Amino acid sequence: MRAAILGVVLVAVALPAQAEKAVSVPAKATQSAKQAASDKAAPAKDAAAEKSIGVAPVLDSDGTLGVPPPAAGLMPSADDLIRSGRALTDEGEGDLAFGAFQRGLYLTAFQIAMSRAQRGDAISATLVGRLYGEGLGVKQNDKAAAAWYQQGALGGDPNAQLALGLLYLDGRGVKKDRAKAADAFEQAAEWNEPQALYNLGLLYLDGTARPRDPEKAASLFSKSAGQGNIDAEFALAQLYAEGEGVLLDDGIATMWMAKAAKAGHLDAAVEYGIRLFNGIGTHKDIIAAAGWFQRAAEAGNPIGQNRYARVLASGMGADPDPVAAAKWHLIAEKRGAKDEWLDEFVEKLPESQRKAAEIAAERWPAGH
């Protein structure tokens, strides 16, 4: 079970948007027609100006990438950071930087944020790190991203601490180091940052960068899940299902599994379907279970595809459809999901039905 949970996250996790504790930085925002007209030429101007940025990462005396130190007295305290984060949503350079980011004017955002970051603003340093990390407005540079995230982290920005932890976890821009990743996650978790709470919980469950402590992991997952983190909801559900770090409770396990499934977690959708099908922690409902298997299958989850194939093959939860059942199994099989019962089912089909299933499987969207 632990392997299933750990497989969810300790892979590359997308660098976060700024959280509400700092400043919200969503992906490129939708522009109104008026804004689109007035800003039409701005990205082109940004691209033309890129050659004259005049800002480059600083090298330390040993030739490694460094971070320009902030001016004396300008590094904010934790309380100052909160006030600063709120102030940036009003007027000033910080608001201009994030406004430009939201409109897709990444070079403009970079220039403004860099100016503030070099004066010791932690939140702006985090934005510079993200722009370098994603190659937005500047050439992609993981080392520069790590350096600026480090400056933001030292300034107390939980988003920078989380992002830096993820870089240490993956070894991008810095030497891979789970212990340093755990330290960074722990700093961000003190701010109750949900993704940091979740990743720190995984490390306590794994027992590599922190002493193995399932109870601590469950507590961290619970705090993260309480903020709507679907990975934490799924992980917490599995702990309750196994009685690891918490008392075994099928009802609570199913409740958290349902929350994660309804929020779009595909593995949770499959597990919730299984619990509905078997009546574990909830009333038995094979029709609802089939619906969850179908949702996971159509979204590209290979285990869900095999589960839905079984439903269609047996007619338990949906009308029997042998061709569709074979199709979903063939799709899942190509993705490495094995099922001997379905193998035999497909082999026993008339040749015409097998052929129809093969054609349907080949036509299934390649993007899934």
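Reading the sequence shown from the start, the letters are residues -19 to -1, 1 to 349 in mature numbering (1 follows the signal peptide of the UniProt record, and there is no 0).
Every residue, glycine too, gets a C-beta built ideally from N, C-alpha and C.
In this text the structure is predicted, and so the values were computed from the model without any measurement.
Please name the residue, chosen from R276, R316, A342, A294, that lies closest to L330 on a Cα-to-Cα basis. On the sequence shown, position 349 is the one that residue 330 refers to. Nearest option by C-alpha distance: A294.
What separation, rounded to the nearest whole angstrom, lies between the Cα atoms of M95 and W172? Taking the sequence shown and counting its residues from 1, the one referred to as residue 95 is at position 114. Taking the sequence shown and counting its residues from 1, the one referred to as residue 172 is at position 191. When rounded, the distance between both Cα atoms is 25 Å.
For A241 and F215, which I take to be in contact (beta-carbon distance under 8 Å), what is that distance rounded to the nearest angstrom? Against the sequence shown, residue 241 aligns to sequence position 260. Against the sequence shown, residue 215 aligns to sequence position 234. A241 to F215, Cβ: 4 Å. Contact.
Tell whether a beta-carbon distance below 7 Å holds between A98 and Y113. Working through the sequence shown from its first residue, we reach residue 98 at position 117. Working through the sequence shown from its first residue, we reach residue 113 at position 132. Not in contact: A98 and Y113 (Cβ atoms no closer than 7 Å).
Mind checking whether P346 and A318 have CB atoms under 7 Å apart? For this step, residue 346 is matched to residue 365 along the sequence shown. For this step, residue 318 is matched to residue 337 along the sequence shown. Not closer than 7 Å, so no.
Whole angstroms are fine: how far does the CA of G224 sit from the CA of A198? Position 217 of the sequence shown, counted from the start, is the residue given in the question as residue 198. Position 243 of the sequence shown, counted from the start, is the residue given in the question as residue 224. Their backbone Cα atoms lie some 13 Å apart in a straight line.
Rounding to the nearest angstrom, what Cα-Cα distance links L147 and A162 in this structure? Numbered from its first residue, the sequence shown carries residue 147 at position 166. Numbered from its first residue, the sequence shown carries residue 162 at position 181. Straight-line Cα distance between these residues: approximately 7 Å.
Between the Cα of D187 and the Cα atoms of A160, R291, D324, S205, which residue gives the shortest distance? As a working note, residue 187 is residue 206 in the sequence shown. Minimum Cα distance to D187 is reached at A160.
What's the call for Q168, buried or exposed, on a 16-neighbour Cβ count within 10 Å? Reading the sequence shown from its first residue, position 187 is the one you call residue 168. Q168 comes out buried.
Cα-Cα separation between A341 and R335, rounded to whole angstroms: Start at 1 with the first residue of the sequence shown, and residue 341 comes out as number 360. Start at 1 with the first residue of the sequence shown, and residue 335 comes out as number 354. Rounded to the nearest angstrom, the two C-alpha atoms are 10 Å apart.
Could you have a look at G152 and say whether DSSP puts it in helix, strand or coil? Your numbering for residue 152 matches position 171 in the sequence shown. In the structure shown, G152 sits in coil (DSSP, three-state: anything other than H, G, I, E or B).
Alpha-carbon to alpha-carbon, L178 and A144: For this step, residue 144 is matched to residue 163 along the sequence shown. For this step, residue 178 is matched to residue 197 along the sequence shown. Each residue's alpha carbon lies about 13 Å from the other.
Please name the residue in G152, G101, R84, I255 whose C-alpha comes closest to that of A285. Reading the sequence shown from its first residue, position 304 is the one you call residue 285. Just to set this straight, residue 285 is Gly in the shown sequence, not Ala. Nearest option by C-alpha distance: I255.
Complete alpha helix (DSSP H) runs within the region 220 to 279 (minimum length 4 residues, chain order): 231 to 243, 247 to 259, 267 to 279, all fully within the region 220 to 279.
Report the CB separation of G118 from L88 in whole angstroms; it is logged as a contact under 8 Å. Walking along the sequence shown from the start, residue 118 turns up at place 137. Walking along the sequence shown from the start, residue 88 turns up at place 107. At roughly 4 Å, the Cβ-Cβ gap stays under 8 Å, so G118 and L88 are in contact.
Rounded to the nearest angstrom, what separates A103 and V109 at their Cα positions? Here residue 103 refers to the residue found at position 122 of the sequence shown. Here residue 109 refers to the residue found at position 128 of the sequence shown. Each residue's Cα considered, the two are about 10 Å apart.
Just to confirm my understanding: we take G232, look at its own chain, exclude 5 residues before and 5 after, and list those with CB closer than 8 Å. What are they? Indexing the sequence shown from 1 puts residue 232 at position 251. Once the five neighbours on either side are set aside, the close Cβ partners of G232 are G262, T263.
Check whether the Cβ atoms of A211 and A244 sit closer than 7 Å, and answer yes or no. Here residue 211 refers to the residue found at position 230 when the sequence shown is read from its first residue. Here residue 244 refers to the residue found at position 263 when the sequence shown is read from its first residue. The sequence given here has Ile at residue 211, not Ala. Closer than 7 Å, so yes.
Identify, in the order they occur along the chain, each residue of the same chain with its Cβ nearer than 7 Å to the Cβ of A337, setting aside the five sequence neighbours on each side. Counting from 1 along the sequence shown, the entry for residue 337 is found at position 356. Cβ neighbours of A337 beyond the five flanking positions: V304.
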